[in-house]
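A.B. asks:
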Amino acid sequence: MRQHSNGGLRQTRHLDRKVTQGRSLPLLCTAVQGLHFADLQSMENLFGEELAERAAPVAPYLGGKSQLADEIVRRIGRVSHHAYVEVFFGMGGVFYRRDIKAKIEVINDINGELVCFLRVLRNHPDALLGELEGWVSSRQEFEALKIANTDHMTDIQRAVRFIYLQRLAFGGKVTGQTFGVSKDRPPRFDLAVLSKSLAVAAERLRSVTIENLDWRDLLDRYDDAGVLFYLDPPYWGGEADYGKGIFARADFSEMANRLKMIKGRFVLSLNDRPEVRSLFADFKIEPVSLTYSIASSQSTSANELIISN
Ligand SMILES: C[S@@+](CC[C@H](N)C(=O)[O-])C[C@H]1O[C@@H](n2cnc3c(N)ncnc32)[C@H](O)[C@@H]1O
């Protein structure tokens, strides 16, 4: 078993997985000392699953779930599932912070450059790291790569371009990127730091299926009993934040209707707006308060909703 920071809990989970095969929960209460029946019930989804090393996303991302992630991870952990499907992956702010690996894991995003980067990271991490050698934080390189035509690039060059721009873009923006500088932080493109986090992320992605589908097609393709979808769509009011024509205001009502029909379970995070509460009123809705900062000097508080079936 790998080394983990919260070794005690993980040891218990490990024991739990091993001793639970074919036994009833009450019997296990005596078998697993120090755990109550309720604890075991809430851990039922862990059976047969593997532990994962928690990691951090490899670049900042607009709408990345850094603050909300632990809260969402806790809720996901309470739902029994053999397949975990993340519909709007972005930089994986929730996925990498999970400490459990489902038997089947699928991640998806409509952004083709992002998905190309994820595939190269998973399939050719050494080649990617090799190609990143020699890159330093530079406004000129940033501007040149931003307007570079990707048509004649190899997938590895496209992946380099993606991660370079994403590491350095102000506010983790994905469209309309500008070179982000800070007076009180070192530049975010430091290969020594980045290579470590890329290596951990590549390892985590090894057995993950990476899709590049519209969210509707992904739900249709993977919905089944035992599947848990995590959805983190663009915010209400920020539908065009990730590019034109990929997500519309009308998608929210379509999402609410489709989620009513699925056989699987879901957890959805969205900003707290009256329209959102009304569209998703048929589901469980929990508000969570957060403080966001886009730059070190600007911070603003916001309320999020965690919606689930
Ligand atoms: C709020 S971000 C996800 C952030 C992510 N949870 C993180 O922590 O980095 C929303 C993502 O949805 C993707 N997206 C937008 N429209 C989509 C669509 N129609 N189908 C699938 N993905 C879409 C965007 O490319 C973007 O990466």
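With the numbering used here applied, the sequence shown covers 12 to 320. Note that CB positions come from ideal geometry on N, CA and C, so glycine has one too.
Would you mind working out which of A67, E61 and L79 sits nearest D243, comparing C-alpha positions?
C.D. replies: It is L79 whose Cα lies nearest to the Cα of D243.
A.B. asks: Would you call V147 buried or exposed, if buried means 16 or more other Cβ atoms sit within 10 Å of its Cβ?
C.D. replies: exposed
A.B. asks: Please report how far the alpha carbon of N320 lies from the alpha carbon of R85, in whole angstroms.
C.D. replies: 15 Å
A.B. asks: Can you tell me which of K112, L129, Y233 and D166 puts its alpha carbon nearest to the alpha carbon of D120?
C.D. replies: The shortest Cα separation from D120 among K112, L129, Y233 and D166 belongs to L129.
A.B. asks: Determine the direct distance from the alpha carbon of T161 to that of T332, and round the result to whole angstroms.
C.D. replies: No answer is possible for residue 332: it lies beyond the span of the chain, which begins at 12 and ends at 320.
A.B. asks: If you draw a straight line from the C-alpha of R276 to the C-alpha of R150, how long is it?
C.D. replies: 45 Å
A.B. asks: By a C-beta neighbour count over all protein chains shown, 10 Å radius and 16 as the cutoff for buried, is S218 buried or exposed?
C.D. replies: exposed
A.B. asks: Regarding G103 and ligand 1, is the C-beta to nearest heavy atom distance less than 7 Å?
C.D. replies: yes
A.B. asks: Which whole runs of the alpha helix (DSSP H) in the segment 238-285 are 4 residues long or more, in chain order?
C.D. replies: You should have 261-272.
A.B. asks: Should G275 be listed as close to ligand 1, given that the test is whether its C-beta is under 7 Å from any heavy atom?
C.D. replies: no
A.B. asks: Within the segment 82-133, note down every full beta strand (DSSP E) run reaching 3 residues or more, in order along the chain.
C.D. replies: 94-97 and 115-119
A.B. asks: Within 10 angstroms of the Cβ of P285, are there 16 or more other Cβ atoms? Answer buried if so, exposed if not.
C.D. replies: P285 counts as exposed, since fewer than 16 other C-beta atoms from the protein chains shown sit within 10 angstroms of its C-beta.
A.B. asks: Using three-state DSSP, classify K207 as helix, strand or coil.
C.D. replies: helix
A.B. asks: How many angstroms separate the CA atom of L281 from the CA atom of G101?
C.D. replies: 15 Å
A.B. asks: For the alpha helix (DSSP H) holding E222, just list the boundary residues, first then last.
C.D. replies: Per DSSP, E222 lies in no alpha helix (DSSP H) segment; the continuous beta strand (DSSP E) that holds it begins and ends at T220 to E222.
A.B. asks: Confirm the yes/no value for this check: CB of Y253, any heavy atom of ligand 1, distance under 7 Å.
C.D. replies: yes
A.B. asks: Give the secondary structure of F200 by DSSP, where H, G and I count as helix, E and B as strand, and everything else as coil.
C.D. replies: F200 falls in the coil class under three-state DSSP.
A.B. asks: Would you tell me roughly how many angstroms separate the C-alpha atoms of Y72 and G249, rounded to the nearest one?
C.D. replies: 14 Å
A.B. asks: Hey, A66 and R215: beta-carbon distance below 8 Å or not?
C.D. replies: yes
A.B. asks: Give every residue of the same chain whose Cβ lies closer than 8 Å to the Cβ of R133, excluding the five residues on either side of it in the sequence, and list them in chain order.
C.D. replies: A213, L216, R217, V219 and I221
A.B. asks: Using DSSP with H/G/I as helix, E/B as strand and the rest coil, what is L301?
C.D. replies: strand
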